[in-house]
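Residue numbers for the sequence shown follow UniProt numbering, so the first one is 1 and each next one is one higher.
Since the structure comes first, as structure tokens, the remarks are kept for the end.
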Amino acid sequence: MFDDLIKNKKAGTESTKQEKFITENFLILDTETTGLDAGVDEALQISIINDKKDILLSTYIKPKYRKTWPEAMAVNGISPQMVEDAPVYDFAMQDMINDLVEDQNIVIYNAPFDMNYVDLRNARGIYCAMNVFSTGVVKEWNEKYNNYTWQRLSTAFNHFKSHLTLEDKILLDNAHDSLSDSFMTLFVWEQLMQAGFEKGINYLK
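Here it is as structure tokens:
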């Protein structure tokens, strides 16, 4: 059934592929944070890779205000000791990020969340893989919120897991935290684009 969906979506769309799909020359970004409250919590790690699987940035970040984050640590495994000697998110780090993302399309699994912790205004566009997967593949309607239920990265990754190459497996086995999630997001995005799902809305507009 999924193979039929691929064929049907690809039919008649090749002429507009450059307008509707992002299949090359893009970046993947992921963060780990001290929690889910953008007004209180801070970034603990940021990773940026390109569509060729090159690591452009992957660093821990020392929070300026939060000293402990037990609930987040139970999920992401990043302790205060691990970031004690890490750089803070300052102007120098922002300048480095600006240079990387300037005029680039950025794919993030949960774009609305990560955009709270990283300034990406220099990017060409920002696209959310979770939105494409949740509204195009799973389509689990949530009556309470009158919208599709957004699916976890692990759910999307496992949905396409049978398509993993040996290279993908090696990369994931050797990556951790936000870097691992970046490679997982790249894999999911590639599967979505190959299946003919459109890139979705640009979160910078």
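Ideal placement from N, C-alpha and C gives every residue a C-beta, glycine not left out.
| query | result |
| --- | --- |
| Secondary structure at Ala-92, three-state DSSP: helix, strand or coil? | helix |
| If you reduce the DSSP assignment to three classes, tell me which class Gly-196 lands in. | coil |
| Output the distance between the C-alpha atoms of Ala-129 and Val-188, rounded to the nearest integer angstrom. | 8 Å |
| Tell me, please, which residues DSSP counts as bridged to Gln-45. | Glu-32 and Tyr-60 |
| According to DSSP, which residues form a beta bridge with Trp-189? | In DSSP, Trp-189 forms no bridge with anything. |
| Under 8 Å: does the beta carbon of Asn-146 sit that close to some heavy atom of the ligand GDP? | Only the bare structure without any ligand can be found here, which leaves the ligand GDP out of the picture. |
| Count the CB pairs spanning the stretch 56-68 and the stretch 84-98 that are closer than 8 Å, and state whether there are at least three. | yes |
| Among residues of its own chain, excluding the 5 on either side of Ile-22, which ones have a beta-carbon nearer than 6 Å to its beta-carbon? | Asn-105 and Lys-199 |
| Note down the Cα distance separating Asn-142 from Val-132, rounded to an integer number of angstroms. | 16 Å |
| I need the boundaries of the alpha helix (DSSP H) containing Val-138, first residue and last residue. | It is not in any alpha helix (DSSP H) - Val-138 carries neither H nor E in the DSSP assignment. |
| Drop a sphere of 10 angstroms on the beta-carbon of Ile-78, count the other beta-carbons inside from all chains shown, and report buried for 16 or more, exposed for fewer. | buried |
| Look up Ile-201 in the DSSP assignment and give the residues it is bridged to. | Answer by DSSP bridge pairing: none, since Ile-201 is not bridged. |
| Of all the options Ser-178, His-163, Ala-175 and Asp-168, which has the alpha carbon lying nearest to the alpha carbon of Gln-194? | His-163 |
| Give me the Cα-Cα distance between Arg-152 and Asp-85, rounded to the nearest whole angstrom. | 31 Å |
| By the 10 Å Cβ neighbour count, where 16 or more other Cβ atoms means buried, how is Tyr-145 classified, buried or exposed? | exposed |
| Tell me the DSSP secondary structure of Phe-21 in three-state form. | coil |
| Would you give the residue range spanned by the alpha helix (DSSP H) that Val-107 belongs to? | Premise fails: Val-107 lies in the beta strand (DSSP E), 105-108, not in any alpha helix (DSSP H). |
| Return the CA-CA distance between Thr-68 and Gly-196, expressed in angstroms with no decimal places. | 43 Å |
| Go ahead and label Ile-48 buried or exposed: buried means 16 or more other beta carbons lie within 10 angstroms of its beta carbon, across all protein chains shown. | buried |
| How long is the line joining the alpha carbons of Asp-51 and Asp-41, rounded to whole angstroms? | 29 Å |
| Which ranges would you report for the beta strand (DSSP E) in the stretch 108-171 if only whole runs of at least 3 residues count? | 125-128 |
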